[in-house]
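Reading the sequence shown from the start, the letters are residues 16 to 677 in our numbering.
Yeah, the Cβ is synthetic: ideal placement off N, Cα and C, and Gly gets one too.
None of the values given here were measured: they were computed from a predicted structure.
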Amino acid sequence: MALTEMQNRLANAIRGLAIDGVEAAKSGHPGMPMGMADVATVLFTRFLKFDAANPHWADRDRFILSAGHGSMLLYSLLYLTGVPGMTVEELKHFRQLGYKTPGHPENFHTVGVETTTGPLGQGISTAVGFAFAEKMLAAQFGKKVVDHFTYVIASDGDLMEGVSQEAIALAGHYKLNKMIVLWDHNGISIDGPLTLSDSVDQIKRFQSAGWRAVNVDGHDQDAIAAAIEAAQKSNKPTLIACKTTIGFGSPHRAGTSKAHGEPLGPEEAKLSKENLGITGAPFEVPADVLKAWREAGSRGAGARQAWEERFATLSERKQAEFTRRMDHVRPAKLGKAILAHKKALAANPTAMATRKSSEAALNVIVEVMPELVLGSADLTPSNNTKAKGLVEITPKDFKGRYIHWGIREHGMAAAMNGIYLHGGFVPAGGTFFVFTDYARPAIRLAALMGTCPVYVMTHDSIGLGEDGPTHQPVEHLAACRAIPNMRVFRPCDAIETAECWQLALERTNGPTILALTRQNLPLLREATTANLCAQGAYELAGTGGGKAAVTLFASGSEVEIAMNARSILNQRGVPTRVVSVPSLELLLAQPEEVKAKIIGDAPVKVAVEAAVRFGWDAVIGPDGGFVGMTGFGASGPIKDLYNHFGITAEAVAETALRRHNG
């Protein structure tokens, strides 16, 4: 049997499984797997460096299905190549609860899935981070142990989403030449022909962004192979526009939107299989075809073994460091470095903005945490994310640890996910807190996946002053706290900032936002050995032993206001304690007895935060007092704004007194 005929049968195995999986689920997207089966077959059987038996091998090529709606393509490939855990039974239960074949690929759920995709544009944008990490890790450990490609299958929808422009601009500027995008250029969207809404020349678009971009017949396997070979030799990232027919092989739905987001239906599925020459029962793959696919899955075993031999030639120290970083094990010296830094701060108390406190902490952290990679979305002087001595990454030199992301908050956040998922690095990136709105989809995916980037979000309230309400994030604390598995810290001084950095970097199951001030704040804390921020809140100032009549809760810059209000209340004979709440959601996640002890039983509870009230009722109760914002901010000097909106020590004390006096 000629190779071309067998290759055709290999591709048809993907098509048959995709048809069957979507039919069994009675939902899904059969058209993309049917259309891109030839491309995927060429990639997986001729080029992709992977070992199905060892899907987490460090130097494997990364494959990212950005077109996550075509997930049956990926699940079929995982089954056909023999990735552990992906069985016919899993395919038969596509999109069913409890199985490893969800509607869109989830890396935390299915072995062999590199990143969670589904929201269009996220896969190709996250892939930029994978490609970044490969370059950076190779620069640090050598191409002998780090030398692989990042392949992406992207859809028309991926390229229409705005984040894709941020992503391709970054990849082109930094010349991420080991990133190869295979575009499913089928010209169909859910509404119908792409011409209904789009007429962009994607080849010219990518070329203008610094890419190599070529057209190819997406059903000519030899032409596809030639295009990938050329891409591998390029000094630029490559877009291969694969002209395909969505629903390839379907007599009545091929080339139409009907093949996009719904099953073919029993009759059309039967006709499609007959048209393609696919025989046998549903989910049945001919023995010789499955054997050929399994051989493709094991083809990379030799490359993996050769890599292991090269890796073994490294020094024991370098092997251990590489393994530690790829496994995301944090350096043992981190805790000691933070403690020493806290003691130094306490010995020389200085008022400073928490964005500057963050920079001071980073100057210490980068010395003990070589995997920490920093950056900013064009706000380096404002975010203070560039620690002393950090070298910038450039298109010609990836040995550095600082990335200039440009004004691309969404692209930065998506790439940070890819950098973390690749392994070897912990990324931290900065912008203004209000621009979490621009980065939200990628931030949400980080929380969903459990990746651990750190978002340095400065200018955290009306305290940024004159820039006005467009830049003042009054609702963003509540919005970010509402994201499951997200941890938001708003430290009140330099010591809390250091502790919050420690907690953010030691976290290995989700992302962290550090909301930091523009304005200077006094040092309010002592340098305790314990990390007091670890429970989300703690008593900063008590009553000296007596029962509290009032408890004031505050975060960030408003903790100073709460402390001053406490002085006023104590002078008026009202015993008052202050609880600093650097992380409201972390406090609320504590066991009931811990939470109850921190919150206390004072009859009057008042929270103060230069933001909206939403979320605080869980601490102060629906009848508790709140001093903060009820609408948007305004433009003006900081002190004027706090007075104008009534966020003052006097206002907090008055709110507490009204409730105390009944």
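Distance CB(G439)-CB(M341) smaller than 7 Å: In the sequence shown, the residue the question calls residue 439 occupies position 424. In the sequence shown, the residue the question calls residue 341 occupies position 326. The answer is yes: Cβ separation under 7 Å.
Name the DSSP bridge partner or partners of F504? Here residue 504 is taken as the residue at index 489 of the sequence shown, counted from 1. In DSSP, F504 forms a bridge with L529.
Proximity winner among E289, T338, W516, L531, relative to V449 (alpha-carbon distances): Working through the sequence shown from its first residue, we reach residue 449 at position 434. The option with the nearest alpha carbon to V449 is L531.
On the DSSP letters alone, give me the boundaries of the alpha helix (DSSP H) that M431 sits inside. Your numbering for residue 431 matches position 416 in the sequence shown. Start and end: 424-437.
DSSP beta-bridge partners of Y657: Counting from one through the sequence shown, the residue named residue 657 turns up at place 642. BP columns for Y657 are empty, so no partner.
Quick check on DSSP: helix, strand or coil for I203? In the sequence shown, counting from the first residue as 1, residue 203 sits at position 188. If DSSP states are grouped into helix, strand and coil, I203 belongs with the strands.
In three-state terms, what does DSSP make of S595? Residue numbering aside, residue 595 sits at position 580 when the sequence shown is read from its first letter. Reduced to three states, the DSSP call for S595 is strand.
For G136, collect the residues of the same chain with a Cβ closer than 6 Å to its Cβ; drop the 5 residues on either side in sequence, then sort them by chain order. Your numbering for residue 136 matches position 121 in the sequence shown. Same-chain partners within the cutoff: D173, E176, V178, S179.
For A361 and I510, what's the separation of their Cα atoms in angstroms? Residue 361 sits at position 346 when you count from the first residue of the sequence shown. Residue 510 sits at position 495 when you count from the first residue of the sequence shown. Cα-Cα distance, rounded: 8 Å.
List the residues that DSSP assigns as beta-bridge partners of L555. Indexing the sequence shown from 1 puts residue 555 at position 540. Per DSSP, none; premise fails for L555.
Any contact of the stretch 345-364 with the stretch 382-401, i.e. 3+ C-beta pairs under 8 Å? yes
Is it true that the CB of L405 sits closer than 7 Å to the CB of R423? Here residue 423 refers to the residue found at position 408 of the sequence shown. Here residue 405 refers to the residue found at position 390 of the sequence shown. For R423 and L405, no; Cβs fall outside 7 Å.
Taking DSSP's pairing of strands, which residues face L418 in a bridge? Position 403 of the sequence shown holds residue 418. Reading off the sequence shown, one finds Ile at residue 418, where the question assumed Leu. Answer is G390, bridged to I418.
So L529 and C515 are in contact, right, with Cβ under 8 Å, and what is the actual spacing, rounded? Taking the first residue of the sequence shown as 1, we reach residue 529 at position 514. Taking the first residue of the sequence shown as 1, we reach residue 515 at position 500. The Cβ separation is near 6 Å, so the contact holds.
Tell me which residue opens and which closes the beta strand (DSSP E) that F629 is part of. Counting from one through the sequence shown, the residue named residue 629 turns up at place 614. It is not in any beta strand (DSSP E) - F629 carries neither H nor E in the DSSP assignment.
Distance, Cα to Cα, A454 vs L460? Taking the first residue of the sequence shown as position 1, residue 454 is located at position 439. Taking the first residue of the sequence shown as position 1, residue 460 is located at position 445. C-alpha separation (whole angstroms): 10 Å.
Hey, does G136 have any beta-carbon neighbour from chain D nearer than 7 Å? Protein chain content of the structure displayed is limited to a single chain, and chain D is not contained in it.
Run through DSSP, which three-state label would A17 get? As a working note, residue 17 is residue 2 in the sequence shown. In this prediction, A17 scores a pLDDT of 45, lower than 50, which makes its location untrustworthy; the coordinate-derived value is nonetheless stated afterwards. Correct three-state label for A17: coil.
If you compare alpha carbons, which of K150, L185, V565 is closest to G639? Taking the sequence shown and counting its residues from 1, one reaches residue 639 at position 624. Comparing Cα positions, the closest option is V565.
Cβ neighbours of L243 in the same chain (closer than 6 Å, five flanking residues each side left out): Position 228 of the sequence shown, counting from 1, holds the residue named residue 243. Looking at the sequence provided, one finds Ile at residue 243 rather than Leu. Answer for I243: F62, listed in chain order.
Extent of the continuous alpha helix (DSSP H) to which V642 belongs: Mapped onto the sequence shown, residue 642 falls at position 627. In the DSSP annotation of this structure, V642 is not part of any alpha helix (DSSP H); the continuous beta strand (DSSP E) holding it starts and ends at 640-642.
Check whether the Cβ atoms of L291 and G317 lie closer than 7 Å to each other. To locate residue 291, count along the sequence shown from 1; it is residue 276. To locate residue 317, count along the sequence shown from 1; it is residue 302. Not in contact: L291 and G317 (Cβ atoms no closer than 7 Å).
Whole alpha helix (DSSP H) runs in the stretch 31-116 with 4 or more residues, listed along the chain? Qualifying alpha helix (DSSP H) stretches, in chain order: 46-57, 86-96, 103-107.
Taking the CB atoms as reference points, tell me whether V57 and A240 lie closer together than 7 Å. Stepping through the sequence shown from its first residue, residue 57 is reached at position 42. Stepping through the sequence shown from its first residue, residue 240 is reached at position 225. In contact: V57 and A240 (Cβ atoms closer than 7 Å).
Would you call the stretch 282-296 in contact with the stretch 114-127, where contact means no fewer than 3 C-beta pairs closer than 8 Å? no
Okay, do the stretch 308-317 and the stretch 466-486 touch, 3+ Cβ pairs below 8 Å being the bar? no
Closer than 7 Å by C-beta to A67: which residues in its own chain qualify, once you throw out the five before and the five after it? Chain order, please. Translated into positions along the sequence shown, residue 67 becomes position 52. Contacts found: T96, G97, V98, G312, S313.
Using only alpha-carbon positions, find the residue among E149, D235, R268 that is nearest to K414. Translated into the one-based positions of the sequence shown, residue 414 becomes position 399. Answer by Cα proximity: E149.
Measuring CA to CA, which of E277, D76, V231, K159 is closest to F337? For the purposes of this step, residue 337 is taken as residue 322 along the sequence shown, with counting starting at 1. F337 has its Cα closest to that of K159, out of E277, D76, V231, K159.
Anticipated Cβ contact below 8 Å, V143 with L89, distance rounded: Reading the sequence shown from its first residue, position 128 is the one you call residue 143. Reading the sequence shown from its first residue, position 74 is the one you call residue 89. Their Cβ separation, rounded to whole angstroms, is 20 Å, which puts V143 and L89 out of contact at 8 Å.
Quick check: V619 and H675, are their CB atoms within less than 7 Å of each other? Sequence index remark: in the sequence shown, residue 619 carries index 604 (1-based). Sequence index remark: in the sequence shown, residue 675 carries index 660 (1-based). For V619 and H675, yes; Cβs fall inside 7 Å.
Residue environment, T485, which counts as buried when at least 16 other CB atoms sit within 10 Å: Residue mapping note: residue 485 aligns to position 470 of the sequence shown, counting from 1. Flag for T485 reads exposed.
Proximal residues to L377 (C-beta, below 6 Å), its chain only, five neighbours per side dropped: Here residue 377 corresponds to residue number 362 of the sequence shown, with the count starting at 1. Answer for L377: A402, listed in chain order.
With three or more C-beta pairs closer than 8 Å as the rule, is the stretch 316-330 touching the stretch 366-377? no
Within 8 Å, do at least three Cβ pairs link the stretch 254-264 to the stretch 41-51? Short answer: they touch.
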